[in-house]
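Worksheet for the structure shown next.
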Amino acid sequence: MEELDLIVESVQHDMEAAVKHLDHAFQRIRAGRASTNMVQDVMVEYYGALTPINQVANVSIPDAMTISIQPWDSKAINDIEKAIINSNLGFAPSNNGINIILNVPPLTEERRRELAKQAKSETEDTKVVVRNARQSGLKELKRLEGVSEDVIKGIEADIQVLTDKYVKICDEHLKVKEAEIMKV
Numbered sequence: 001m002e003e004l005d006l007i008v009e010s011v012q013h014d015m016e017a018a019v020k021h022l023d024h025a026f027q028r029i030r031a032g033r034a035s036t037n038m039v040q041d042v043m044v045e046y047y048g049a050l051t052p053i054n055q056v057a058n059v060s061i062p063d064a065m066t067i068s069i070q071p072w073d074s075k076a077i078n079d080i081e082k083a084i085i086n087s088n089l090g091f092a093p094s095n096n097g098i099n100i101i102l103n104v105p106p107l108t109e110e111r112r113r114e115l116a117k118q119a120k121s122e123t124e125d126t127k128v129v130v131r132n133a134r135q136s137g138l139k140e141l142k143r144l145e146g147v148s149e150d151v152i153k154g155i156e157a158d159i160q161v162l163t164d165k166y167v168k169i170c171d172e173h174l175k176v177k178e179a180e181i182m183k184v
């Protein structure tokens, strides 16, 4: 019985991790307003090592359409600027020698549709991960010996309930993100 509970917990943990990953992916998809999350995945080559931007500079939001990046080491300003350009975020950084300013342009209708499509794609990928977690749980169940078929059918039903729950959570997160993206 303990093994059965462990399998269900493992499946649930994998599904929760998939939804957390989806939330993280949604943070990178901008919805009109500036956010520090837009640049959090930018890696700066700093003294020969790739370093996250928030470890070499202070990233702040002075207003709704601007991201300000102030390096702690003024020598790194050009490396940070180059990393932002190479990250393909669509920003044109302006450097005043002290800090880097990123102006977040307002989203066009076409760009909003692209971002909504990107959010939908991330959601579908997450649903695949959730279903794969279900499949691996079911395979683990089939490997067990000495467990009655009725118990296994019951656990399979529990895993299916979890799968349906997490797929529904993914759809709800997508609906919220799409509304945020399409809001003018």
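Residue 184, in full-length UniProt numbering, is where the sequence shown stops; the numbers in between run on with no holes. Built from N, CA and C at the ideal position, the CB exists for glycine as well. As the structure is a prediction and not an experimental result, all values here were calculated from the model.
The beta strand (DSSP E) with Thr-51 in it runs from where to where?
On the sequence shown, residue 51 is found 51 positions in, with the first residue counted as 1. 49 to 52 is the extent of the beta strand (DSSP E) around Thr-51.
On the CB-based measure, 16 or more other CB atoms within 10 Å of its CB, does Arg-113 come out buried or exposed?
In the sequence shown, residue 113 corresponds to position 113, counting from 1. Exposed, since its Cβ has fewer than 16 Cβ neighbours within 10 Å.
Among Gly-137, Lys-117, Ile-98 and Glu-156, which one has its Cα closest to the Cα of Asp-14?
Along the sequence shown, one-based indexing puts residue 14 at 14. Cα-wise, what sits closest to Asp-14 is Gly-137.
Around the C-beta of Ser-3, are 16 or more other C-beta atoms found within 10 angstroms, so that it is buried, or is it exposed?
Against the sequence shown, residue 3 aligns to sequence position 3. According to the sequence as given, residue 3 is Glu; it is not Ser. Glu-3 is exposed by the Cβ-count criterion.
On a Cα-Cα basis, can you pick out the residue from Phe-26, Glu-110 and Lys-139 that is closest to Glu-180?
On the sequence shown, position 180 is the one that residue 180 refers to. Cα-wise, what sits closest to Glu-180 is Phe-26.
Can at least three beta-carbon pairs, one atom from the segment 6 to 20 and one from the segment 154 to 168, be found at a separation below 8 Å?
The answer is yes - the segment 154 to 168 touches the segment 6 to 20, with three or more Cβ pairs under 8 Å.
If you drop the 5 nearest sequence neighbours on each side, which residues of the same chain put their C-beta closer than 7 Å to that of Pro-71?
Locating residue 71 in the sequence shown gives position 71, where the first residue counts as 1. Closer than 7 Å at the Cβ level, and outside the excluded window around Pro-71, lie Val-56, Ala-57, Ile-77 and Ile-80.
Could you work out which residue in Ala-119, Met-182, Lys-82 and Glu-122 is closest to Asn-95 when comparing CA atoms only?
Looking up residue 95 in the sequence shown gives position 95. Considering only alpha carbons, the answer is Lys-82.
CA-CA distance, Thr-123 and Leu-22?
The residue you call residue 123 lines up with position 123 of the sequence shown. The residue you call residue 22 lines up with position 22 of the sequence shown. Taking the straight line from one Cα to the other gives about 7 Å.
DSSP on Ser-74, reduced to helix/strand/coil?
Start at 1 with the first residue of the sequence shown, and residue 74 comes out as number 74. Correct three-state label for Ser-74: helix.
Using the rule of at least 16 other Cβ atoms within 10 Å of the residue's Cβ for burial, across every protein chain shown, is Ile-84 buried or exposed?
One-based indexing of the sequence shown puts residue 84 at position 84. Looking at its Cβ environment, which holds 16 or more other Cβ atoms inside 10 Å, Ile-84 is buried.
Quick one, are the C-beta atoms of Val-42 and Ser-10 less than 8 Å apart?
Position 42 of the sequence shown, counted from the start, is the residue given in the question as residue 42. Position 10 of the sequence shown, counted from the start, is the residue given in the question as residue 10. The answer is no: Cβ separation not under 8 Å.
Could you work out which residue in Leu-107, Gly-48, Ser-68 and Leu-174 is closest to Thr-126 when comparing CA atoms only?
Residue numbering aside, residue 126 sits at position 126 when the sequence shown is read from its first letter. Cα-wise, what sits closest to Thr-126 is Leu-174.
Look at the alpha carbon of Gln-171 and the alpha carbon of Ser-121, and state the distance between them as a whole number of angstroms.
For the purposes of this step, residue 171 is identified with residue 171 of the sequence shown, where counting begins at 1. For the purposes of this step, residue 121 is identified with residue 121 of the sequence shown, where counting begins at 1. Note that residue 171 is Asp in the sequence shown here, rather than Gln. Distance between the alpha carbons of Asp-171 and Ser-121 is about 12 Å.
With DSSP run on the structure shown, which of helix, strand or coil describes Thr-108?
In the sequence shown, residue 108 corresponds to position 108, counting from 1. Three-state result, Thr-108: coil.
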